[in-house]
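Novice: Numbering (mature numbering (1 follows the signal peptide of the UniProt record, and there is no 0)), first residue to last: -20 to -1, 1 to 45.
Cβ atoms here follow ideal geometry from the backbone N, Cα and C, with glycine treated the same way.
Just dropping this structure here.
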């Protein structure tokens, strides 16, 4: 008996790596630039950086999708 096509599609979607993951990263470094600041976040496996325009400090935690 063959499984219906929609069950195969659902199985592929559930077990694929295409799902977006949400990571909370911790601020590890920041440095000023002209007109803003670069904030560097990491969790030991993943590193991301953002540019924060204007004055102010970088948040200690940042959620990346």
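(1) Beta carbon of residue 40, beta carbon of residue 6: below 8 angstroms?
(2) Cutting at 8 angstroms between CB atoms, please list the residues of its own chain near residue 22, excluding the five before and the five after it.
(3) Distance, Cα to Cα, residue 43 vs residue 30?
Specialist: If we stick to the structure as given:
(1) What you label residue 40 is simply residue 60 of the chain shown in a count that begins at 1. What you label residue 6 is simply residue 26 of the chain shown in a count that begins at 1. In this structure, residue 6 lies closer than 8 angstroms to residue 40 by Cβ.
(2) As a first step, residue 22 is located in the chain shown; it is residue number 42 there, counting from the start. A distance below 8 angstroms between beta-carbons, with the five flanking residues on each side excluded, links residue 22 to the following residues of its chain, in chain order: 5, 6, 8 and 28.
(3) Here the question's residue 43 lines up with position 63 in the chain shown. Here the question's residue 30 lines up with position 50 in the chain shown. Near 12 angstroms, if we compare the C-alpha coordinates of residue 30 and residue 43.
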